[in-house]
Amino acid sequence: MKLSTNKSFDHLKVWFCALFLLTIFASSLNSSIALGETQIFLTGPYQAGPILANEDGRFAFENVPLMKNAINKFIVRAVDDNGYFAEKEVVITQVSLDSIVVSKVTTERLSVEEVEQLVADGVIDLDDPANYNVSSFNIVLTIRNEPVRISVPIPIPKNQPNGFERIRFKFGDDASGRPKPPPVQVVTFEEFIPSAPGRPAVSIPGVIVIEGNIKSLKEFFNVRLLLLNTSGIFTLKNVSANIEFPDGGLTSILPADGIVSFGDILPGTPDQPGQVEKEFVIRGDKIGTRDVKVSYGGSVTGPGIENPIPFNGSAMAEVEVKGPPTFDVRVTHPDYVEVGVPYDLTVEITNTGDLPAMYASLALDLGADGQLAHCELNQSGEPECEYITGGETRALGHILPGSTVSETFTVVPLTTGQISSCVGASDQNISLQVLVGDIGCMVGHFQPDQGTPAGIPTVNVLPGPNAFGISTESAVSAFFSEKMDEGSITTGEGGSFNVYDAAGNLVPGQIRISTLFQGTEYEKTVAIWQVNDGITNRLAPNTEYSVVITQSCLDLEGNCLFNQWTSVFTTTGSGSDDITPPTLTLSVEPPVNPNQVLPGQIIKINAYAADQGSGIARVELRLKDLDEEGGLYTLIDQKTAFSGDKPPFIFSIDS
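For the sequence shown, this note's numbering begins at 188 and goes up steadily by one.
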């Protein structure tokens, strides 16, 4: 407990000190007592004397100890030479605030059941975005040999069709086995970007952009303040307390203003002091160990106290805010898509942390050449799809540590082709894997937040900073944090979004704009830059590129980017030009704890390999006994892509 040291409080401490100087004029006892040889005695809780008065009739008992927090009654007796005496009672009320008011603060992270009760009681509002952590991931896929869709309608004569249409026949109903022609329908064809004379048509790869946001409730804590009245005779009146957060990063939820009233705390007994406990509920907003300060005050009243004596004090505690749980996120995507043919996109989320992800949800949206949809088969067996605007949110409930949830979404592609490249990035607490063919995905993490002011746009770019092994077909995608003024995002000389080669030359390109989570709290602009040189429309292999996005990019309110974005990435090649080694990450699958492996446990090793050039051909698992000096690695198992194995490669080891 820490008691205040303001001036009024210091004055009280001096006046009610534990060692009391008692000074009384002898003449005040009895005017008939002779002062010359008068002896003065002190009786009561402390006895002293005899002493003699001085020439002025003044005497003093020095260093008289007082009983703490009690009414001290003394008798002062003066006796003359003849045995005559006079007595006077002196009553002193001693108050030691530091021992009357005792405080104790405890903190505790709330359990799932306690949080559920607070939700039921309306204390925690599940509709308040401030109550959630949001963990995000972005994925950009490119689709080989497909044109960019032109959004402006182009009338084409019926006798001059362009493009082609793939028609899937199904067997008829006449038992002949012959296919039944589909009903006549209107088909919209696409135009290729024209190439130089004498050259075949050049296409720019299609692009699918994906964003996922995992929401989970923030951590909530109990802060309990116990105040004890140990005096036995005094009452603590009108006691109140308020909670403060010196380091920030915390918010008071109950009460919202952070002030609680204790009322009066009555005196107790020597065995059971008077006591009252009050509770605060606070929310952890920022990761780290955070100080909690609870200040309290009131007044002391009781016997011998004419006017209430104010008191105040404070107590400190701390809480550890761990932030959102760590997640393994696996996104499964087909390696080939066909325009108009729905496919399943599966997102699997595993809580690898030690805290539950409470009231979790997954919001997912796609842009550019992919569209979320709800599809059903009609009577003819053909899918009928209703496109979804603004993404789709799935409630996941509580994801307990070690548990996994999975959600499957329906996607309708707007172009056809093989998935030729994949790049991804996520928040620091997400380990992202994208299962797409044998190329895997080049993934990284977003840069940490730099304390951006509210309402100021930021940007994350894929490929991420210092990424290597990037496909020559990869797009450069800028995920802005909010809806942007599309006219401010331009490429070319003087543009706000440009890519430069290693020599500093501007790479010719074009920008596509896509909006994710339209009409929701996550609404944002994605700008997709792609090479458009009219020749290969591809990046050069084994080349370093620089990405620059200037602060000329504006949001709808005219705010510019918080910082200019500058990053570099390096491409890979294919075939004999592929000089970039694959990337490989290893992890141990739950529920085995790699730091506490028990004998006989089967350990599953997740080997996630990615190569955007020639793809993954083989992954080998080798072991070495570290206790054996000079030991060699021994081949245990291997997975090969040609046999149908695709990343991630799972190896099992018997411990």
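C-beta: ideal position from N, C-alpha, C; glycine also.
Following the DSSP letters along the chain, one finds Ile279 inside the beta strand (DSSP E) bounded by residues 272–281. Rounded to whole angstroms, the separation of the alpha carbons of Leu748 and Asn692 is 24 Å.
Here Thr456 is near Gly419, since their CB atoms are less than 8 Å apart.
Counting along the chain, Val288 sits inside the beta strand (DSSP E) bounded by residues 288–296.
By the Cβ-count criterion, His520 is buried, with 16 or more other Cβ atoms from all chains shown falling within 10 Å of its own Cβ. When the beta-carbon positions are compared, Val598 and Gly568 stay at least 8 Å from each other.
At the C-beta level, Thr767 and Gly679 stay beyond 8 Å of one another.
In this model, Phe324 and Val779 are separated by some 26 Å (Cα to Cα).
Burial is judged here by how many other beta carbons sit within 10 angstroms of a residue's own beta carbon; Asp798 has at least 16 and is buried.
Sorting Asn318, Gly818, Leu414, Asp764 by C-alpha distance to the C-alpha of Ala502 places Leu414 at the top. Rounded to the nearest whole angstrom, the CA to CA distance from Ser590 to Asn538 is 6 Å.
Taken in chain order, the complete alpha helix (DSSP H) segments of 4 or more residues contained in the region 707–737 number zero; there are none.
Here the region 752–769 makes contact with the region 799–815; the two share three or more CB pairs at distances below 8 Å. Under the 8 Å Cβ criterion, the region 273–280 does not count as touching the region 432–440, having fewer than three qualifying pairs. For Leu808, same chain residues with a beta-carbon under 6 Å away, outside a window of 5 residues either side, are Ile823, Asp824, Phe838 in chain order.
For Val508, the enclosing beta strand (DSSP E) begins and ends at 496–508.
Per DSSP, Gly642 has no beta-bridge partner at all. Non-local C-beta neighbours of Ile496 in its own chain, meaning closer than 7 Å and more than five positions away in sequence, comprise Leu199, Val282, Ser486, Val487, ordered along the chain.
Contact between Leu404 and Tyr319 is confirmed by a C-beta separation of about 6 Å, below the 8 Å threshold.
Unbroken beta strand (DSSP E) runs of no fewer than 3 residues, entirely contained in the region 415–497, are found at 422–431, 437–441, 446–452, 461–471, 475–488, following chain order.
In the structure shown, the three-state DSSP call for Leu619 is strand. In the three-state reduction of the DSSP assignment, Ala560 falls in the strand class, which pools E and B. Here Lys811 is exposed: its Cβ has fewer than 16 other Cβ atoms, across all protein chains shown, within 10 Å. The criterion of a C-beta distance shorter than 8 Å is not satisfied by Thr294 and Val463.
Looking at the backbone, the Cα of Gly674 and that of Ile430 are separated by about 48 Å. Taking the C-beta atoms as reference points, Val288 is found nearer than 8 Å to Gly500. The beta strand (DSSP E) runs of length 3 or more contained entirely in the region 745–796 are, from start to end of the chain, 752–758, 770–775. No residue range can be given for Val310, since it is assigned to no alpha helix (DSSP H) and is classified by DSSP as neither H nor E. Judged by beta-carbon spacing, Gln605 lies beyond the 8 Å limit of Ile391, meaning their Cβ atoms are not closer than that value. Under a 10 Å Cβ-count criterion, Ser286 is classified as exposed, with fewer than 16 other Cβ atoms of the shown protein chains found around its own Cβ. Secondary structure within the region 674–713: the beta strand (DSSP E) runs of 3 or more consecutive residues, fully enclosed, are 684–687, 696–703 (chain order).
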